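Chemist: Line by line, the protein sequences give chains V and U.
Using my numbering, read the first sequence as starting at 805 and increasing by one per residue.
Using my numbering, read the second sequence as starting at 3 and increasing by one per residue.
Ideal placement from N, C-alpha and C gives every residue a C-beta, glycine not left out.
Model, not experiment: these values are computed from the prediction.
One structure follows; several queries about it will come next.
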Amino acid sequence: MKNLLLFLLLAFSIVLIKCKNSQPQIQEELSVGIDPDSGLQIDPNLMLVKGQCTACHSAKLITQNRFTREGWKDKIVWMQKTQNLWDLGEFEPAVLDYLEKYYSPEERASRRANLENVEWYDLNER
Amino acid sequence: MSSGIWNRRGFLKKSVLGSLTCLVGSNIVHAASLPKGVLPLGITEGQLEEVLPGKHKDLIVLNDRPWNVEAPPHLLDDRITPADKMFVRNNGIPPESIDLSTWKLTIEGESVVDSKSYSIAELKSKFKHYSYQLTLECGGNGRAGFYPPASGNQWAEGAVSCAKWTGVRLKDILNDAGVKEDAVYIGYYGKDTHISGDPDKKPISRGVPISKAMEDETLIAWAMNDEDIPTMNGYPLRLAVGGWPASTSGKWLERISIRNIVHDGPKMTGTSYRVPKNPVAPGEKVAEEDFKIIESMPIKSLVTYPKTGAVIKPSQALSVRGHAWAGDLSVSKVQVSIDFGATWQVCSLEKPVNRLAWQHWSAEVNFPKEGYYEVWAKATDSEGKSQPMVIPGWNPKGYLNNSCHRIAIKVAS
């Protein structure tokens, strides 16, 4: 891990030097992460996904769920069948690419997960 | 899978980004962090207050269009759930303008003898008033525990409440309009609107069989905890059906249809509020015709005190308490374990204040030595069924997770 980090720092310094005069480009490369407006992952397809998926419901309905590509497709079909979603047409593959890339199920315990992110505090009774 | 400096989604790992702060500035670290749970990004406390008037600032926002908000378990410590700590599960958009003087409740349907409409004033003046504390729990409470992930709002533990509801008995109103012999179900319609904006589409219209509708405790309520019902919880009128999925307790109530078939409104059919007739393997595909409607909710309990994460001194006895509920049944026993179920200690358990109200339990727990503990609570219903410690049967829509709740405790000198 330490070696990797060292390598990364070095590589990063080189990139910084190389791109010294093209600051906007490096900003763009680093603009991975969360779109503050929607909470969705930033990606070239973000605007497309926002346009197709958040007209009716909050983006939180995406960010709090995890499905396979097939599972997301099922959701789209269900919304088309029951919730007035339109035909995504040529955009559907890109929407599914995006959902699959960022919101696929993560491996985790299926019967009980460990308690995580416990905020410890002193409890003094009596 | 994740390896090295990259996580499985191809982004830099947070720890690595943290180390790079000095090079590229702190905003990058923030932007690239990948929250595992869902944070109410872009939602400030102020905004929450603005949109959800009267709700506690520590409620967890799962969704803001439509609003779906739950309480962390320690906020549910009150014996009667106060308005500001009651969860919100909206399927649609609540009505924007409400005029009490013109609000009508209409009883209609194939199996009504005489279709009738009542103003709220008429409901209040013509019929006897009743008050009950009723446990209302979302059918999807606990969905976040299922793997593979189940579809919908990822409720953890807090989509449950037990407030005091006041109104008239649904059966008194149904009988006033008259119920034909062939009646099998009631279906409600509320004034909320569909999130797509389509005025011809109802977001949700569910109901219960006539037998449940005719129970003493099934109310048409205009008050909660002796005050107006909070806007997000159905003001000015709603059904209150204890022990069944809270989606049967229709909000912003305008119409009740007495049906001669099982009600077929939105979210009654398909896979909504339904589970497979037979147990299925995790992730298994289930055909729609193999689902059945959820009726009474299963036995469940919460540890509401202390809040998880308490650090106590060695030899300090710990008081723990909470509530337990059992759908249409009552709770016969609550136990706690500090050794992952190897041994159980029986808690003291109060009787319900009325049928379908949750029951309060408490215990004093001693820890043998320093270290990390979990206090698990397990309730048993009046028919001998207990909560599982593991996640119960997986189902496609992630309903009915009644696994034991537990809190983390550390004993340290």
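The region 370-386 of chain U: which residues have C-beta closer than 8 Å to a C-beta of chain V, in chain order?
Modeler: Glu-376
Chemist: Tell me whether the beta-carbon of Asn-869 (chain V) lies closer than 8 Å to the beta-carbon of Ser-198 (chain U).
Modeler: no
Chemist: Give me whichever residues DSSP pairs with Lys-126 (chain U) in a beta bridge.
Modeler: Checking the DSSP bridge columns, you'll see Lys-126 (chain U) has no partner listed.
Chemist: For Ser-862 (chain V), which of U:Gly-343, U:Cys-164, U:Ile-260 and U:Arg-67 has the nearest alpha-carbon?
Modeler: U:Arg-67
Chemist: Can you name, in chain order, every residue of its own chain whose Cβ lies under 8 Å from the Cβ of Gln-376 (chain U), other than the five neighbours on each side?
Modeler: Per the sequence shown, residue 376 (chain U) should be read as Glu rather than Gln. Ile-340, Phe-342, Arg-408, Ile-409, Ala-410 and Ile-411, listed in sequence order.
Chemist: Measure from the C-beta of Gly-311 (chain U) to each C-beta in chain V and report whether the shortest distance is under 8 Å.
Modeler: yes
Chemist: Please report the residue range of the alpha helix (DSSP H) in which Ile-866 (chain V) lies.
Modeler: 864-867
Chemist: For Gln-156 (chain U), return the contacting residues in chain V, with the cut-off set at a CB-CB distance below 8 Å.
Modeler: Gln-868 and Asn-869
Chemist: Provide the residue span of the beta strand (DSSP E) that contains Thr-382 (chain U), from first to last.
Modeler: 373-383
Chemist: Just to confirm the assignment: which complete beta strand (DSSP E) runs, minimum length 3, are found wholly within the region 234-310 of chain U?
Modeler: For the region 234-310 of chain U, whole beta strand (DSSP E) runs of length 3 or above, ordered along the chain, are 240-242, 255-261, 276-278, 293-295 and 302-307.
Chemist: Locate the beta strand (DSSP E) running through Gly-855 (chain V), then write down its first and last residues.
Modeler: Per DSSP, Gly-855 (chain V) belongs to no beta strand (DSSP E); it is in the alpha helix (DSSP H), 850-857.
Chemist: Compile a chain-ordered list of the residues in the region 890-912 of chain V whose CB is closer than 8 Å to at least one CB of chain U.
Modeler: Within the region 890-912 of chain V, the qualifying residues are Lys-905, Tyr-906, Pro-909, Glu-910, Glu-911 and Arg-912.
Chemist: Just grab the DSSP bridge partners of Asp-230 (chain U) for me.
Modeler: U:Ala-225
Chemist: Using a beta-carbon distance cut-off of less than 7 Å, what residues from the region 108-133 of chain U approach chain V?
Modeler: none
Chemist: Under 8 Å, with one C-beta from each stretch per pair, do the region 130-150 of chain U and the region 94-102 of chain U reach the 3-pair mark?
Modeler: no
Chemist: In terms of residue numbering, what span does the alpha helix (DSSP H) encompassing Gln-845 (chain V) cover?
Modeler: That residue, Gln-845 (chain V), is in no alpha helix (DSSP H); it is neither H nor E in DSSP.
Chemist: Listing by chain order, which chain V residues have their CB less than 7 Å from the CB of Asn-368 (chain U)?
Modeler: None at all; the shortest Cβ gap to chain V is about 13 Å.
Chemist: Measuring straight from C-alpha to C-alpha, what distance separates Asp-841 (chain V) and Thr-858 (chain V)?
Modeler: Rounded to whole angstroms, the gap between the alpha carbons of Asp-841 (chain V) and Thr-858 (chain V) is 12 Å.
Chemist: Restricting to runs no shorter than 3 residues, where is the beta strand (DSSP E) found entirely within the region 67-130 of chain U?
Modeler: Runs of the beta strand (DSSP E) inside the region 67-130 of chain U: 69-72, 106-110 and 118-121.
Chemist: Just how far apart, CA to CA, sit Gly-209 (chain U) and Thr-273 (chain U)?
Modeler: So the alpha carbons of these two residues sit roughly 15 Å apart.
Chemist: Inspect the beta-carbon positions of Tyr-190 (chain U) and Gly-252 (chain U) and report whether they are closer than 8 Å.
Modeler: yes
Chemist: Listed from N- to C-terminal order along the chain, which residues in the region 151-182 of chain U have their beta-carbon within a distance smaller than 7 Å of any beta-carbon of chain V?
Modeler: For the region 151-182 of chain U, the set of positions with a beta-carbon nearer than 7 Å to some beta-carbon of chain V reads Pro-151, Ser-153, Asn-155 and Gln-156 in chain order.
Chemist: With a cut-off of 8 Å, does the C-beta of Ile-314 (chain U) fall near any C-beta of chain V?
Modeler: Output row for Ile-314 (chain U): interface = yes.
Chemist: Measuring straight from C-alpha to C-alpha, what distance separates Glu-767 (chain V) and Asp-200 (chain U)?
Modeler: Summary: the structure shown does not reach residue 767 (chain V), with chain V confined to residues 805 through 930, and so no result is reported for it.
Chemist: Which residues bound the beta strand (DSSP E) around Gly-147 (chain U)?
Modeler: No beta strand (DSSP E) holds Gly-147 (chain U); DSSP gives it neither H nor E.
Chemist: Using CA atoms only, rank isn't needed, just tell me which of U:Ser-103, U:Gly-192, U:Ser-384 and U:Val-413 is closest to Gly-329 (chain U).
Modeler: Looking at U:Ser-103, U:Gly-192, U:Ser-384 and U:Val-413, the one whose alpha-carbon comes closest to that of Gly-329 (chain U) is U:Ser-384.
Chemist: Under 8 Å between the Cβ atoms of Trp-254 (chain U) and Thr-168 (chain U)?
Modeler: Not a contact, by the Cβ cut-off of 8 Å.
Chemist: What's the call for Val-392 (chain U), buried or exposed, on a 16-neighbour Cβ count within 10 Å?
Modeler: exposed
Chemist: Whole angstroms are fine: how far does the CA of Pro-278 (chain U) sit from the CA of Ala-158 (chain U)?
Modeler: 22 Å
Chemist: Please state the DSSP three-state secondary structure of Val-333 (chain U).
Modeler: strand
Chemist: With 16 as the cutoff for other CB atoms within 10 Å, does Met-226 (chain U) come out buried or exposed?
Modeler: By the 16-neighbour rule on beta-carbons within 10 angstroms, Met-226 (chain U) is buried.
Chemist: With 7 Å as the C-beta to C-beta threshold (strictly closer), list the residues of the region 845-870 of chain V near chain U in chain order.
Modeler: Cys-860, His-861, Ser-862, Lys-864, Leu-865, Thr-867, Gln-868, Asn-869 and Arg-870
Chemist: Give me whichever residues DSSP pairs with Arg-323 (chain U) in a beta bridge.
Modeler: U:Tyr-307 and U:Ser-364
Chemist: Is DSSP giving Ser-153 (chain U) helix, strand or coil here?
Modeler: Three-state result, Ser-153 (chain U): coil.
Chemist: Counting contacts by CB-CB distance shorter than 8 Å, is Val-881 (chain V) in contact with chain U?
Modeler: no
Chemist: Which residues mark the beginning and the end of the alpha helix (DSSP H) in which Lys-182 (chain U) is found?
Modeler: No alpha helix (DSSP H) holds Lys-182 (chain U); DSSP gives it neither H nor E.
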